[in-house]
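The structure appears right after this line, and notes come after that.
There are 2 protein chains.
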Amino acid sequence: MPQENSAAKVLHHLKQDVLAGYFEAGQKLKMSQLKERYQVGVNPLREALSQLVVMQLVQVQDQRGYRVCPVSQAELLDIYDTRARIESLCVGLAIERGDDAWEAGIVAAAYRLQSNAALLQGNGDLQAWEQLHQQFHHAIVMGCGSEELLRVRLHLYEKASRYRNLWLQHNAGHAAFDVNQMEHEQLVAAVLARDVTSSQALVQKHILVPSRVLQNLLE
Amino acid sequence: MPQENSAAKVLHHLKQDVLAGYFEAGQKLKMSQLKERYQVGVNPLREALSQLVVMQLVQVQDQRGYRVCPVSQAELLDIYDTRARIESLCVGLAIERGDDAWEAGIVAAAYRLQSNAALLQGNGDLQAWEQLHQQFHHAIVMGCGSEELLRVRLHLYEKASRYRNLWLQHNAGHAAFDVNQMEHEQLVAAVLARDVTSSQALVQKHILVPSRVLQNLLE
DNA sequence: TTTTTTAATAATGTCGATATTTTAGTACCG
DNA sequence: CGGTACTAAAATATCGACATTATTAAAAAA
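So the sequence lines, in the order shown, correspond to chains A and B. Counting from 1005, one number per residue, gives the positions in the first sequence under the numbering used here. Counting from 1005, one number per residue, gives the positions in the second sequence under the numbering used here.
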């Protein structure tokens, strides 16, 4: 088994903590605090933080340490807008290139997502649902066959996580998810029908939904 | 003046050295060697290398150190293909959103590029030309107004650098650059005419030119 | 009271040293 | 002669400690 070094382990935890909002946006990340939490020395921490800086989740000021990247309405809009365009690109290529296994994967992921719709009710596990949700969309775009494009897409997905969590919590138990599920059905139908234009339109609209709601939440 | 820490300085040098091919693809990066070259300790080096890992220019194997990412024909194709699509996206948005200052910037950058065409002759400075070339294309796409999209584009441009250098050296003094310059003129005309379709077609084709040539160079 | 200066405190960035692991070389055995 | 096991050397990953720099608190001057 590949025992990864402690920088890699702490990177994983730290990233999750930033994305999940354990560390708030703009918060200072003190070394003493992080050493305590992750039980490692300064150097693995600096390695992990350096990587998060490249991922644009953490900022560094020389001689003044690290802090979580602030969030802003402008960034929210930019990220979601860009995500919508990239996702659209992926969907177009996937429809062009996808084979039988790809289609089967979509149907399977859609089924699993729908089967676990209860996760959205009342006190369900929203993060677990989001994972299935993401797996569903990934099943579609993975057909594009481009590692680079999928990497770009993943990066934007992660950068959007902090905003998305706000949306998920805001919508907990609400009816907004019903619309969401309907959009999924429409998307599956359009993709399997290999209808590029309407698939792209649907997926763009689908991604931009939280963006509109979140604009009101951020101040 | 902002005196950056030594990890940031070494990151810059190391990145340039990798992109410019001073360290060959697949080569092992020994700490003793790097300490010697950049005159810093192990920890700033590990920070810089960690960042290059996120940028996908360097690979890390646990307990086995770092090595430059290998190059491959598959990656070459993927990067250039993806770049062409992203650039096309940027161009479309830029035409939609660009203002007068944007148009002026394009004309200025095109003029400077053409004025320095001599850099391509015989023993000219290809890297200097490439910088002007890139500034020209940046002048066009910056009109898209999306930080995120431009960042994705820059990332792909940098990832393509090692392949592009091969192309530049291969074409040194050849006639391939004449075609290149003609394509630039056509692109400027189409962009200023706000013709989205032909601008996108031109820029996609333009980016993919080196890709075809390089496929033959890589084994 | 407000501002400036100074001292104390805390945090950051870097190096040298050390334990652990990998790699290379060599002898041994089948 | 080829392959395996053992030994020596080198390289990596991490920690503790120290010098430098920022931040806070207190004291003095306006």
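We treat Cβ as the ideally placed atom computed from N, Cα and C, and that holds for glycine.
- Contacts between residue 1156 (chain A) and chain B, judged by CB atoms closer than 9 Å, involve 1086, 1090, 1156, 1159, 1160 in chain order.
- Scanning the segment 1047 to 1100 of chain A from its first residue to its last, the whole beta strand (DSSP E) runs of 3-plus residues come out as 1062 to 1064, 1070 to 1072.
- The DSSP-derived three-state label of residue 1034 (chain B) is coil.
- If you look at residue 1026 (chain A), you'll find it isn't in any alpha helix (DSSP H); DSSP assigns it neither H nor E.
- In terms of CA proximity to residue 1221 (chain A), A:1075 leads the group A:1065, A:1075, A:1046, A:1069.
- With respect to residue 1181 (chain A), residue 1136 (chain A) sits apart: the two C-beta atoms are not nearer than 8 Å.
- The contact set of residue 1058 (chain A) on chain B, defined by CB atoms closer than 7 Å, consists of 1055, 1058, 1059 in chain order.
- Distance from the Cα of residue 1162 (chain B) is smallest, within the candidate group B:1025, B:1008, B:1009, B:1103, for B:1025.
- If you draw a straight line from the Cα of residue 1113 (chain A) to the Cα of residue 1065 (chain B), it is about 33 Å long.
- A straight line joining the alpha-carbon of residue 1118 (chain A) with that of residue 1209 (chain A) spans about 20 Å.
- Apart from the 5 residues on each side of it in sequence, residue 1177 (chain A) sits with its Cβ closer than 6 Å to the Cβ of 1126 in its chain, given in chain order.
- In this structure, residue 1213 (chain B) keeps its C-beta atom at 8 Å or more from the C-beta atom of residue 1191 (chain B).
- DSSP places residue 1200 (chain A) inside the alpha helix (DSSP H), whose first and last residues are 1200 to 1221.
- When the beta-carbon positions are compared, residue 1072 (chain B) and residue 1031 (chain B) come within less than 8 Å of each other.
- Residue 1029 (chain B) places its beta carbon 8 Å or farther from that of residue 1087 (chain B).
- Residue 1102 (chain B) sits buried, since 16 or more C-beta atoms from the chains shown fall within 10 Å of its C-beta.
- Our two residues, residue 1166 (chain B) and residue 1051 (chain B), have alpha carbons roughly 22 Å apart in a direct line.
- Residue 1178 (chain A) carries a coil assignment under DSSP once its states are collapsed to helix, strand and coil.
- Per DSSP, the continuous alpha helix (DSSP H) segment holding residue 1111 (chain A) begins and ends at 1104 to 1119.
- Cβ neighbours of residue 1160 (chain B) within its own chain (closer than 8 Å, five residues either side excluded): 1083, 1086, 1087, 1090.
- For residue 1083 (chain B), the residues of chain A that pass the 8 Å Cβ criterion are 1152, in the order they occur in the chain.
- According to the DSSP assignment, residue 1145 (chain A) belongs to the alpha helix (DSSP H) that extends over 1130 to 1145.
- Cβ-Cβ distances below 8 Å link residue 1035 (chain A) to 1046, 1049, 1069 in the same chain, with the five nearest sequence neighbours on each side left out; the list follows chain order.
- Put simply, the CB of residue 1008 (chain A) is near chain B, with a gap under 8 Å to one of its CB atoms.
- Contact annotation: residue 1022 (chain A) and residue 1044 (chain A) have beta-carbon atoms that are not nearer than 8 Å.
- Not a single CB atom of chain B sits nearer than 8 Å to the CB of residue 1175 (chain A).
- Contacts between residue 1129 (chain A) and chain B, judged by CB atoms closer than 9 Å, are missing: the closest CB pair is about 30 Å apart.
- The residue from B:1187, B:1107, B:1184, B:1053 with its alpha-carbon nearest to that of residue 1148 (chain B) is B:1107.
- For residue 1211 (chain B), same chain residues with a beta-carbon under 8 Å away, outside a window of 5 residues either side, are 1084, 1087, 1088, 1091 in chain order.
- Only 1047, 1050, 1051 from the segment 1028 to 1053 of chain B bring a Cβ to less than 7 Å from some Cβ of chain A.
- Those residues of the segment 1059 to 1080 of chain B placed with their C-beta closer than 7 Å to a C-beta in chain A are 1059, 1066, ordered along the chain.
- Residue 1183 (chain B) sits in a helix when the DSSP states are folded into three classes.
- In the structure shown, residue 1127 (chain A) falls within a coil segment according to DSSP collapsed to helix, strand and coil.
- Interface criterion not met: the Cβ of residue 1024 (chain A) is under 8 Å from no Cβ in chain B.
- Interface criterion met: the Cβ of residue 1011 (chain A) is under 8 Å from a Cβ in chain B.
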